[in-house]
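**Student:**
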Amino acid sequence: LKKLQRETHLTIHASINIFIPKPYSLWENKPMERLTILERKRKLIMRLLTRSRGIKVSISHPKMSILEAVFSRGDRALSNVIYSAFSRGVRLEGEEHYPLSELWEEIAKTINVAEYLERDGERENFPWSFIEHTSQIPITSCKEE
1053 LKKLQRETHL
1063 TIHASINIFI
1073 PKPYSLWENK
1083 PMERLTILER
1093 KRKLIMRLLT
1103 RSRGIKVSIS
1113 HPKMSILEAV
1123 FSRGDRALSN
1133 VIYSAFSRGV
1143 RLEGEEHYPL
1153 SELWEEIAKT
1163 INVAEYLERD
1173 GERENFPWSF
1183 IEHTSQIPIT
1193 SCKEE
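Using my numbering, read the sequence shown as starting at 1053 and increasing by one per residue.
(1) Starting from the N-terminal side, write out each stretch of the beta strand (DSSP E) that is 3 residues or longer and does not extend beyond the region 1104-1148.
(2) Only counting the same chain, and skipping five residues up and downstream in sequence, which positions put a Cβ closer than 7 Å to that of I1072?
(3) Here's the rule: buried if 16 or more other CB atoms are within 10 angstroms of the residue's CB, otherwise exposed. What is I1111?
(4) Which whole-angstrom value describes the C-beta separation of T1063 and G1106, a residue pair presumed to lie in contact below a C-beta threshold of 8 Å?
(5) Let me check you understand the geometry: is the CB of R1125 closer than 7 Å to at least one non-hydrogen atom of the ligand GDP?
(6) According to the neighbour-count rule (16 or more other Cβ atoms, all chains shown, within 10 Å of its Cβ), is Y1168 buried or exposed?
(7) If we count the other Cβ atoms within 10 Å of its Cβ and call it buried at 16 or more, is H1065 buried or exposed?
(8) Give me the Cα-Cα distance between R1094 and P1114, rounded to the nearest whole angstrom.
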């Protein structure tokens, strides 16, 4: 980014997102990085790039990314967590850089977060394994007559 900015003299806006393994992707059985590692990487990137003129960086918040990973890989046990949070007034407004409230962290302590993040590569029985899906989208041709 620094080299590109120096050579072009453009203002560069970089958006960096934390990798979140998702169901039905090639990476569904890959573990997610631990929070401490994600926070260290985020700090390093921000330290190296935010001082650079002409470069603006936004990076996803590690706690929000972990929450997203838990919800995307979760099972029915999370329904109680979501309902409890909702009942207590917790909302996710969709802001990218909104840090988790203390309440979300308190609720997250009621589940084993690592269980959702550290999937075993050999595991085949995921919470979503019972859902039948097709990976091919039918293509229809359109003819003008």
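For each residue, glycine too, the CB sits at the ideal point set by N, CA and C.
**Tutor:** If we stick to the structure as given:
(1) 1107-1111
(2) Taking the first residue of the sequence shown as 1, we reach residue 1072 at position 20. For I1072, where only same-chain residues beyond five positions count, the Cβ hits under 7 Å are M1084, S1117, E1120, A1121, S1124.
(3) For the purposes of this step, residue 1111 is taken as residue 59 along the sequence shown, with counting starting at 1. Answer is buried; the Cβ neighbour count reaches 16.
(4) The sequence position of residue 1063 within the sequence shown is 11, counting from 1. The sequence position of residue 1106 within the sequence shown is 54, counting from 1. Their Cβ separation, rounded to whole angstroms, is 5 Å, which keeps T1063 and G1106 in contact under 8 Å.
(5) In the structure shown, the ligand GDP is absent, as is every other ligand, since no ligand is present at all.
(6) Within the sequence shown, numbered from 1, the residue matching residue 1168 stands at position 116. So Y1168 ends up on the buried side.
(7) As a first step, residue 1065 must be located in the sequence shown, where it is residue number 13. Answer is exposed; the Cβ neighbour count stays below 16.
(8) Here the question's residue 1094 lines up with position 42 in the sequence shown. Here the question's residue 1114 lines up with position 62 in the sequence shown. The straight-line gap from Cα to Cα measures roughly 8 Å.
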